[in-house]
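Numbering (my numbering), first residue to last: 1215 to 1357.
Since the structure comes first, as C-alpha coordinates, the remarks are kept for the end.
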Amino acid sequence: MTFEVEDGFILGIAKGRRPTPDIECEFIDATFERLHVTRAPKTLQLDWLALTDLAAWLYRKYPSATEKGYMNRLLDLFPGSMNVNDVMCALMRCISNNEHLAYGEDAHFCGRVRRTHKHEFEEIRAAWLAQMRQSGRPSNNVQ
(Lines of atoms letter the chains of each structure in order from A and count residues from 1; the text may use other names and numbers.)
(Lines give C-alpha, C1' and ligand atoms only; values in the text may rest on other atoms or scores of the structure.)
Protein backbone atom coordinates (compact mmCIF):
# COMPACT_ATOMS: atom_id res chain seq x y z
CA MET A 1 0.00 0.00 0.00
CA THR A 2 1.09 3.54 -0.65
CA PHE A 3 0.14 6.40 1.65
CA GLU A 4 0.62 9.97 0.45
CA VAL A 5 1.30 11.97 3.62
CA GLU A 6 1.92 15.69 4.02
CA ASP A 7 2.21 17.67 7.27
CA GLY A 8 0.85 14.76 9.33
CA PHE A 9 -2.26 14.21 7.19
CA ILE A 10 -3.05 11.47 4.68
CA LEU A 11 -3.70 12.98 1.26
CA GLY A 12 -4.19 9.70 -0.58
CA ILE A 13 -4.07 5.91 -0.31
CA ALA A 14 -3.42 3.50 -3.16
CA LYS A 15 -2.93 -0.22 -3.47
CA GLY A 16 0.55 -1.10 -4.67
CA ARG A 17 3.82 0.79 -4.55
CA ARG A 18 5.12 4.01 -6.03
CA PRO A 19 8.33 3.55 -8.03
CA THR A 20 10.32 5.84 -5.72
CA PRO A 21 8.74 6.26 -2.28
CA ASP A 22 9.99 9.01 -0.01
CA ILE A 23 9.94 6.69 3.01
CA GLU A 24 9.43 2.94 2.85
CA CYS A 25 7.86 1.28 5.89
CA GLU A 26 7.59 -2.40 6.74
CA PHE A 27 4.39 -2.13 8.82
CA ILE A 28 1.48 0.11 9.71
CA ASP A 29 0.16 0.45 13.24
CA ALA A 30 -2.22 2.64 15.24
CA THR A 31 -1.15 5.28 17.73
CA PHE A 32 -2.73 7.84 20.05
CA GLU A 33 -0.06 10.35 18.97
CA ARG A 34 -0.08 12.21 15.67
CA LEU A 35 0.79 10.28 12.50
CA HIS A 36 4.53 9.53 12.40
CA VAL A 37 7.13 6.92 11.37
CA THR A 38 9.10 4.87 13.91
CA ARG A 39 12.63 3.72 13.14
CA ALA A 40 12.99 0.08 14.15
CA PRO A 41 11.09 -1.65 12.76
CA LYS A 42 10.17 1.06 10.27
CA THR A 43 6.45 1.52 10.93
CA LEU A 44 3.93 4.10 9.76
CA GLN A 45 1.99 4.94 12.92
CA LEU A 46 -1.56 6.02 12.00
CA ASP A 47 -3.47 8.30 14.36
CA TRP A 48 -7.27 8.22 14.66
CA LEU A 49 -7.77 10.63 11.75
CA ALA A 50 -5.56 8.54 9.48
CA LEU A 51 -7.47 5.43 10.58
CA THR A 52 -10.74 7.05 9.47
CA ASP A 53 -9.14 7.79 6.09
CA LEU A 54 -7.94 4.20 5.81
CA ALA A 55 -11.34 2.83 6.86
CA ALA A 56 -13.13 5.04 4.30
CA TRP A 57 -10.71 3.99 1.55
CA LEU A 58 -11.24 0.32 2.41
CA TYR A 59 -15.02 0.80 2.45
CA ARG A 60 -14.92 2.38 -1.03
CA LYS A 61 -12.68 -0.43 -2.27
CA TYR A 62 -15.04 -3.18 -1.00
CA PRO A 63 -18.54 -1.60 -0.99
CA SER A 64 -20.39 -4.93 -0.96
CA ALA A 65 -18.43 -6.43 1.95
CA THR A 66 -20.37 -7.48 5.03
CA GLU A 67 -19.71 -5.54 8.23
CA LYS A 68 -17.74 -8.49 9.63
CA GLY A 69 -15.79 -8.92 6.39
CA TYR A 70 -15.02 -5.21 6.28
CA MET A 71 -13.76 -5.16 9.88
CA ASN A 72 -11.68 -8.29 9.28
CA ARG A 73 -10.04 -6.65 6.24
CA LEU A 74 -9.33 -3.52 8.26
CA LEU A 75 -7.86 -5.37 11.24
CA ASP A 76 -5.83 -7.68 8.95
CA LEU A 77 -3.81 -4.61 7.96
CA PHE A 78 -2.55 -4.39 11.57
CA PRO A 79 -1.11 -7.83 12.44
CA GLY A 80 0.17 -7.91 16.01
CA SER A 81 -0.96 -4.35 16.77
CA MET A 82 -1.46 -3.64 20.45
CA ASN A 83 -3.18 -0.29 19.84
CA VAL A 84 -5.58 -0.58 16.91
CA ASN A 85 -8.54 -1.88 18.95
CA ASP A 86 -8.06 0.74 21.70
CA VAL A 87 -7.74 3.59 19.19
CA MET A 88 -10.79 2.46 17.19
CA CYS A 89 -12.95 1.91 20.30
CA ALA A 90 -11.99 5.31 21.75
CA LEU A 91 -12.65 6.96 18.40
CA MET A 92 -16.10 5.41 18.08
CA ARG A 93 -16.99 6.35 21.68
CA CYS A 94 -15.93 9.96 21.11
CA ILE A 95 -17.60 10.45 17.74
CA SER A 96 -20.83 8.79 18.88
CA ASN A 97 -20.97 11.03 21.97
CA ASN A 98 -20.61 8.07 24.34
CA GLU A 99 -17.42 9.09 26.15
CA HIS A 100 -19.33 9.21 29.42
CA LEU A 101 -19.61 5.39 29.24
CA ALA A 102 -15.82 4.98 29.29
CA TYR A 103 -14.03 4.47 32.61
CA GLY A 104 -10.41 4.08 33.67
CA GLU A 105 -8.03 3.38 30.82
CA ASP A 106 -10.84 3.68 28.24
CA ALA A 107 -11.64 7.22 29.42
CA HIS A 108 -7.94 8.08 29.18
CA PHE A 109 -7.89 6.80 25.58
CA CYS A 110 -10.94 8.95 24.72
CA GLY A 111 -9.14 12.01 26.07
CA ARG A 112 -6.11 11.27 23.94
CA VAL A 113 -8.27 10.97 20.82
CA ARG A 114 -9.96 14.32 21.52
CA ARG A 115 -6.63 16.12 22.04
CA THR A 116 -5.28 15.41 18.54
CA HIS A 117 -6.81 17.05 15.45
CA LYS A 118 -9.40 19.00 17.48
CA HIS A 119 -10.91 20.84 14.50
CA GLU A 120 -11.27 17.69 12.40
CA PHE A 121 -12.71 15.82 15.37
CA GLU A 122 -15.47 18.42 15.80
CA GLU A 123 -16.28 18.25 12.07
CA ILE A 124 -16.57 14.45 12.11
CA ARG A 125 -18.64 14.46 15.29
CA ALA A 126 -21.01 17.12 13.87
CA ALA A 127 -21.46 15.08 10.68
CA TRP A 128 -22.19 11.94 12.72
CA LEU A 129 -24.71 13.75 14.94
CA ALA A 130 -26.44 15.23 11.87
CA GLN A 131 -26.68 11.76 10.34
CA MET A 132 -28.19 10.39 13.56
CA ARG A 133 -30.75 13.21 13.71
CA GLN A 134 -31.68 12.60 10.08
CA SER A 135 -32.16 8.87 10.71
CA GLY A 136 -34.35 9.53 13.76
CA ARG A 137 -32.13 7.43 16.04
CA PRO A 138 -30.90 8.79 19.37
CA SER A 139 -27.38 10.23 19.15
CA ASN A 140 -26.18 8.60 22.38
CA ASN A 141 -27.21 6.07 25.00
CA VAL A 142 -28.43 8.62 27.56
CA GLN A 143 -32.23 8.97 27.63
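We put the beta carbon where it would ideally sit given N, CA and C, even for glycine.
{"query": "Decide if the stretch 1260 to 1279 is in contact with the stretch 1299 to 1310; the criterion is three or more beta carbon pairs, one per stretch, under 8 Å apart.", "result": "yes"}
{"query": "Evaluate the contact criterion for the stretch 1325 to 1333 versus the stretch 1284 to 1297: three or more CB pairs, one atom per stretch, below 8 Å.", "result": "no"}
{"query": "Where do the ends of the alpha helix (DSSP H) carrying A1254 lie?", "result": "Run containing A1254: none; DSSP gives neither H nor E here."}
{"query": "For R1248 versus G1222, is the C-beta distance shorter than 8 Å?", "result": "yes"}
{"query": "On the DSSP letters alone, give me the boundaries of the alpha helix (DSSP H) that G1283 sits inside.", "result": "1281 to 1290"}
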